[in-house]
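Enquirer:
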Amino acid sequence: VPSTIRHTMQLVRLLGIRYLWIDSFYIVHYDEEGKAVEVRNMGWIYRNAYVTIIAANGPDANHGLREIRGVTAL
């Protein structure tokens, strides 16, 4: 499991959130028809999310989440 996903799982646990949706796990990118359906659902998913975590500071999924001050469990 890439570092970014592991860090996100830890953060979600610390926040007491029960469910985690990761688009790269739920969208089958090589199935264009299925991908189109899931992409259309993303608006609903993000609109109804308790929190949205965007890992945009690294070149790939192994970069991890950036340090959050005061959180030592990551």
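FYI, the numbering for the sequence shown is 1 to 74, going by the numbering used here. Glycine included, each C-beta is placed from N, C-alpha and C at the ideal position.
What does a CB cutoff of less than 7 Å around Ile45 pick up in its chain, not counting 5 residues either side in sequence?
Expert: Answer for Ile45: Trp21, listed in chain order.
Enquirer: Is the CB-CB distance between Thr3 and Asn62 below 8 Å?
Expert: Strictly speaking, residue 3 in this sequence is Ser, with Thr absent from that position. Against a cut-off of 8 Å, the Cβ pair of Asn62 and Ser3 comes out as a contact.
Enquirer: Compute the Euclidean distance between the alpha carbons of Ala36 and Tyr26, then round it to the nearest angstrom.
Expert: Going by the C-alpha atoms only, they are around 12 Å apart.
Enquirer: Is it the case that the CB of Phe25 approaches a heavy atom of the ligand ZN more closely than 7 Å?
Expert: Absence of the ligand ZN is noted for the structure shown, with no ligands found whatsoever.
Enquirer: Taking Trp44 as part of the alpha helix (DSSP H), name the residues at either end of that continuous run.
Expert: 32-47 is the extent of the alpha helix (DSSP H) around Trp44.
Enquirer: Quick check: the Cα distance between Gly34 and Arg66, rounded to an integer number of angstroms?
Expert: If I take the Cα positions, the gap works out to 32 Å.
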